[in-house]
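The structure under discussion appears below in the form of structure tokens.
Residue numbers (the working numbering): 65 to 445.
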């Protein structure tokens with residue numbers, strides 16, 4: 065028996081989301097590459113799907129053809145997977161990665177060579193997301209040719225890659241996230257203008273002073289001159305929403321930005337767990353209405369984990385693009401999340417492809433079946 069036959073016949077233990085059938089046609093598969101001690105959890109360590117360990121083989125895994133790949137945490141087995149795929153027929157590898165639209169790395173200990181090898185196996189990629197990824201600017205320049213070949217359309221960034229990567233791509237959607245996040249000084253000093261970006265989601269920065277929000281507002285027009293959708297997390301102003309002089313000044317700056325760029329969809333996401341913050345958010349919405357922004361609306365929702373009716377977040381939206389605002393409502397309010405990832409946000413720039421959610425989750429922790437079981441069991445003890 066050859067190496068290829070052995071690879072396909074040997075048992076592999078994966079964690080798989082519970083569902084009615086494991087062989088039926090699946091529109092979206094989320095493949096997570098992680099250490100078995102992290103099975104069944106999101107990157108924050110919170111259980112997010114119901115599932116169990118399953119004995120499968122590589123042939124069954126490769127039949128799933130993922131649309132989303134997530135690589136998380138240290139000790140993930142990406143290197144082992146890459147080495148194994150070297151022994152698989154090229155056409156099968158190409159077919160396996162043929163539907164991938166989104167690649168996400170979160171707190172992942174990944175070698176640059178392994179990431180490049182993975183990217184080279186993908187033929188087209190809509191979105192790339194990363195956080196807590198310790199790559200140098202030299203590393204990012206080595207990754208750039210693959211991003212260009214893949215025609216990446218959306219990036220969720222938490223490190224300053226504005227000049228080295230983003231400026232060299234025709235990205236349409238940018239999300240600014242934390243861990244560690246980009247300093248506003250880096251954005252202001254950036255010599256690039258991102259003329260292809262039409263959607264900007266500002267969720268978190270690497271904060272340096274109390275004027276980060278105001279400074280960001282002043283440079284958005286110059287850096288993103290063709291912006292049509294702006295989603296603004298109020299936590300970059302103040303985690304506790306208040307209605308004071310600074311809040312009025314920030315709203316005034318955002319209203320001016322709305323008019324200068326002729327934004328078609330403008331959204332503010334606020335954490336409002338108590339009556340005081342709910343009142344303050346209502347006053348901010350009133351300011352937008354008084355400024356005559358079109359179609360100002362306010363919605364409240366309870367984040368996942370809380371009972372419906374115990375609303376702790378508020379979304380204020382305005383603008384004439386009703387279709388995009390409907391998508392935003394579905395993502396945030398119906399989805400009960402204040403920080404959606406690209407799996408949900410890609411639909412803001414893609415009217416034709418089906419959404420990447422819901423998904424069936426498959427988690428791969430390595431080829432040593434006994435070790436996978438031991439590691440997973442040690443977590444439950």
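For each residue, glycine too, the CB sits at the ideal point set by N, CA and C. Predicted model only: the values in this text are computed from it and were never measured.
Taking Cβ positions, are residue 78 and residue 426 nearer each other than 7 angstroms?
-> yes
Should residue 245 go down as buried or exposed, given a rule of 16 or more other Cβ atoms within 10 Å for buried?
-> buried
Using a Cβ-Cβ cut-off of 8 angstroms (strictly less than) and excluding sequence neighbours within five positions of residue 242, which residues of its own chain qualify?
-> 195, 222, 267, 268, 269, 270
Residues near residue 232 in its chain [Cβ-Cβ closer than 7 angstroms; skip 5 each side] = 208, 212
Nearest to residue 276 (by Cα), restricted to the options 261, 251, 292, 98 | 251
Can residue 285 and residue 247 be called in contact, C-beta distance under 7 angstroms?
-> no
Please indicate yes or no: does the CB of residue 76 lie closer than 6 angstroms to some heavy atom of the ligand SAH?
-> Absent from the structure shown: the ligand SAH. Ligands present: none.
So, do the region 405-416 and the region 104-113 have three or more beta carbon pairs nearer to each other than 8 angstroms?
-> no
Have a look at the DSSP bridge pairing and note the partners of residue 425.
-> 94
Neighbourhood of residue 279 by C-beta, 7 angstroms cutoff - its chain only, sequence neighbours within 5 removed | 248, 252
Near residue 362, which residues of its chain fall below 6 angstroms by C-beta distance, leaving aside the five closest residues on each side in sequence?
-> 349, 380
Straight-line gap, residue 225 to residue 258 (C-alpha atoms, nearest Å) = 13 angstroms
How far does the beta strand (DSSP E) with residue 116 in it reach, from first residue to last?
-> 115-120
Residue 332 lies in the beta strand (DSSP E); which residues open and close that run?
-> 329-335
What residue from 264, 142, 138 has the CA that sits closest to residue 61's CA?
-> No answer is possible for residue 61: it lies beyond the span of the chain, which begins at 65 and ends at 445.
In angstroms, rounded to a whole number, what distance separates the CA positions of residue 119 and residue 146?
-> 21 angstroms
With a threshold of 16 other CB atoms inside 10 Å of the CB of residue 151, please say whether the residue is buried or exposed.
-> exposed
Could you have a look at residue 411 and say whether DSSP puts it in helix, strand or coil?
-> helix
Is it the case that the Cβ atoms of residue 201 and residue 228 are separated by a distance below 7 angstroms?
-> yes
Any idea what DSSP makes of residue 244, helix, strand or coil?
-> coil
Quick one, are the C-beta atoms of residue 424 and residue 164 less than 7 angstroms apart?
-> no
Using a Cβ-Cβ cut-off of 7 angstroms (strictly less than) and excluding sequence neighbours within five positions of residue 355, which residues of its own chain qualify?
-> 319
Quick one, are the C-beta atoms of residue 287 and residue 328 less than 7 angstroms apart?
-> no
Residues in its own chain within less than 6 angstroms of residue 334 by CB, not counting five upstream and five downstream?
-> 298, 305, 345, 378
Give me whichever residues DSSP pairs with residue 381 in a beta bridge.
-> 331, 361
Sequence-distant residues of the same chain with beta carbon closer than 7 angstroms to residue 407, five excluded per side | 132, 166, 420, 421
Just grab the DSSP bridge partners of residue 313 for me.
-> Partner(s): none; residue 313 has no beta bridge.
For the beta strand (DSSP E) that residue 192 lies in, which residues bound it at each end?
-> 191-195
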